[in-house]
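J.: Take a look at this one; I'll ask things after.
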Amino acid sequence: MQEVQTNFQPSWSSLDTRTLPPWYDEAKIGIFLNWGVFSVPSYKSEFFWYQWKSLNDSNIGNFMRANYKPHFTYGDFGDMFKAEFFDAKVWAKIIQASRAKYVVVNSKFPDGYTMWPSKYSFSWNSQALGPNKDFIGELSYEMGRIGVHFGALYSLLEWYNPRYMSDAQNHYNTQDFVENKIYPELKSLVETYKPEIVWVDMGQVANSSYWKAEKFLAWLYNESPVRYTVVTNDRWGNDTYCHHGDFWTCTDRYNPGRLQDRKWENAMTIDRKSWGYRREAKLEDFLTIKELLYQVISTVSYGGNILINVGPTAWGTISPIYEERLSQLGDWLSVNEEGIFRSQPWKHQNDTITPGIWYTMAKGLPDLVYVFTLDWPSSGKLELGAPTAEVGATIVYLVGYGDQLKWEPRPGGGMVIYVPTLSVKRMPCNHAWSFRLIYLQDS
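Using the working numbering, the first residue of the sequence shown is number 3, and each one after it goes up by one.
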């Protein structure tokens with residue numbers, strides 16, 4: 003194991019010197035699982051309670067009047083959250099089929115409901131109210147069993163917690179909520195379940211000093227049971243987004259379209275409109291596999307990881323549309339993963355003459371480059387301006403197809419790859435293709 007520093011001071015200047023544990027960069031693809039009490043109404047978005055109570059959303063108001071008795075509260079949904087069909091082994095099988103290398107599971111949302119029996123959430127947790135299950139315990143165990151890194155999403159904010167509301171009214175000059183709820187609960191979560199990703203959210207309402215972020219991270223990196231392998235994101239306060247953390251998420255669905263100076267992650271959704279399950283969703287609301295692969299390929303080419311969100315149901319299942327996308331992703335990766343996992347950005351991320359092309363290279367091997375295209379070269383030729391190939395040395399393969407491909411230098415630089423006409427049975431995959439270029443002269 004690579005030696006990891008464990009003597010950090012509780013200051014960003016010290017914490018930012020930490021070396022990213024290598025596993026995270028090599029993993030590339032993760033699955034985000036966002037569910038909880040909000041999965042019961044499963045209408046509009048996961049922010050249902052806030053939109054209903056604080057924003058007075060008229061659509062939600064009409065929905066509640068039409069479907070629930072008067073004086074029904076959000077807390078009443080807690081009794082209805084049963085997850086009666088939940089089976090952690092089934093979820094693990096779906097994750098395994100996707101070939102993703104890590105999973106981040108919602109442990110606490112801004113409604114304050116925890117997905118494990120937190121003693122700091124009293125009767126408002128998944129063991130005490132609703133399913134009578136420890137979801138974080140079951141899923142962390144199953145992910146370990148199949149060799150997938152486990153992470154926990156934890157919301158710092160709790161919209162209607164009286165202690166939080168008091169601190170907010172005091173302009174965050176008091177820290178009763180943090181000292182008595184957030185700090186000890188998050189520390190307990192790490193000590194109990196040992197997540198290798200601590201993915202915090204909703205810290206933007208205050209700065210990181212209010213959340214005691216530097217103190218917590220110094221403990222996490224120096225003393226916690228996951229100090230050698232854990233990674234964290236950048237949402238520790240309104241002063242940390244895109245500035246501090248092991249990797250940056252900056253905004254939801256962050257894909258900057260160019261290389262960044264820091265490791266980054268594209269946390270994005272298959273449902274274009276929500277992170278949670280929606281009963282009113284339409285087929286066109288979901289990304290096609292081609293659209294999903296665009297996000298995967300472009301993100302990795304630009305040096306990022308991608309965290310693909312799935313919204314499970316209140317009854318504890320992953321719906322078929324999500325399962326299909328993850329299965330399609332896994333089928334594609336079973337052919338093309340060599341240019342994704344353990345890759346690194348090449349000196350070019352896109353081609354210089356042909357649009358819709360992305361490059362990666364094998365880690366530490368600049369003369370082994372992968373070319374990705376979402377569209378099959380129906381003309382029988384793929385023209386590339388970026389690679390410097392050498393006749394008699396450079397070898398070209400279509401990944402998943404055994405024979406070498408013919409190519410020739412392109413006038414003015416680059417190369418022309420001649421792509422064979424293949425039957426459906428011989429086509430290595432159905433969506434997006436990669437080419438392996440060996441012995442380029444670009445090193």
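C-beta: ideal position from N, C-alpha, C; glycine also.
The beta strand (DSSP E) spanning M417 covers which residue range?
T.: Per DSSP, M417 belongs to the beta strand (DSSP E) from 417-420.
J.: On the criterion of 16 or more Cβ atoms from any shown chain inside 10 Å, does R438 qualify as buried, or is it exposed?
T.: Buried, since its Cβ has 16 or more Cβ neighbours within 10 Å.
J.: On the criterion of 16 or more Cβ atoms from any shown chain inside 10 Å, does V398 qualify as buried, or is it exposed?
T.: V398 comes out buried.
J.: If distances are taken between C-alpha atoms only, which option among V207, N127, P422, H151 comes closest to D169?
T.: It is V207.
J.: Determine the DSSP secondary structure at K284, reduced to helix, strand or coil.
T.: Looking at K284 - three-state DSSP - the assignment turns out to be coil, as it is neither helix nor strand.
J.: Shortest alpha-carbon distance to G239 belongs to which of V105, D203, S41, D369?
T.: The shortest Cα separation from G239 among V105, D203, S41, D369 belongs to D203.
J.: Which residues does DSSP pair with R438 in a beta bridge?
T.: DSSP output for R438 lists Y372, Y399 as bridge partner(s).
J.: Tell me which same chain residues have a C-beta within less than 7 Å of the C-beta of Y324, skipping the five on either side of it?
T.: If we look at Y324 and ignore the five residues flanking it on each side, its Cβ neighbours are I272, V312.
J.: Indicate whether V337 and C431 have their beta-carbon atoms separated by less than 8 Å.
T.: Yes, the Cβ-Cβ distance between V337 and C431 is below 8 Å.
J.: With respect to the beta strand (DSSP E) encompassing W266, which residues constitute its N-terminal and C-terminal limits?
T.: Segment 266-271, the beta strand (DSSP E) holding W266.
J.: If you pair each beta-carbon of the segment 289-296 with each one of the segment 315-332, do three or more pairs fall below 8 Å?
T.: Contact holds: three or more Cβ-Cβ distances are below 8 Å.
J.: With DSSP collapsed to three states, give me the class of L222.
T.: It is helical.
J.: Taking its Cβ as the centre, do 16 or more other Cβ atoms sit within 10 Å of T362, making it buried, or is it exposed?
T.: Classification for T362: buried.
J.: Which partner residues does W37 have in the DSSP bridge list?
T.: Per DSSP, none; premise fails for W37.
J.: Can you look up W14 in the DSSP assignment and give me helix, strand or coil?
T.: Of the three classes helix, strand and coil, the one that applies to W14 here is helix, per DSSP.
J.: From L22, S41, M429, pick the residue whose C-alpha is nearest to that of G278; which is it?
T.: Here the closest residue by C-alpha is S41.
J.: Mapping the DSSP letters down to three states, classify A154 as helix, strand or coil.
T.: Of the three classes helix, strand and coil, the one that applies to A154 here is strand, per DSSP.
J.: If you reduce the DSSP assignment to three classes, tell me which class V337 lands in.
T.: Note: V337 maps to helix in three-state DSSP.
J.: Should D136 be labelled buried (16 or more other beta-carbon atoms within 10 Å of its own) or exposed?
T.: It counts as buried.
J.: Within the same chain, show all residues whose beta-carbon is closer than 7 Å to that of V39, passing over the 5 residues directly before and after it, in chain order.
T.: F79, G80, F83, D113, Y115, listed in sequence order.
J.: Can you tell me which of the three DSSP states K30 falls into?
T.: Note: K30 maps to coil in three-state DSSP.
J.: What does DSSP give as the partner residue(s) for K217 in the beta ladder?
T.: Paired residues: none, contrary to the question.
J.: Determine the closest residue to L35 out of P12, N64, K110, P368, with distance taken between C-alpha atoms.
T.: Nearest option by C-alpha distance: K110.
J.: Taking 8 Å as the limit between beta carbons, can you name the residues of its chain near P227, skipping five residues before and five after?
T.: The answer, listed in chain order, is V192, E193, K196.
J.: Pull the bridge partners of S128 from the DSSP assignment, please.
T.: Answer is none; S128 lacks a bridge partner.
J.: Please classify G153 as buried or exposed, where buried requires at least 16 other C-beta atoms within 10 Å of its C-beta.
T.: Buried is the call here.
J.: Where does T8 sit, in a helix, a strand or coil, going by DSSP?
T.: In this structure, T8 counts as coil in the three-state DSSP scheme.
J.: For E28, which option in G416, S303, G382 has the closest C-alpha, if you only look at C-alpha atoms?
T.: The shortest C-alpha separation from E28 is found at S303.
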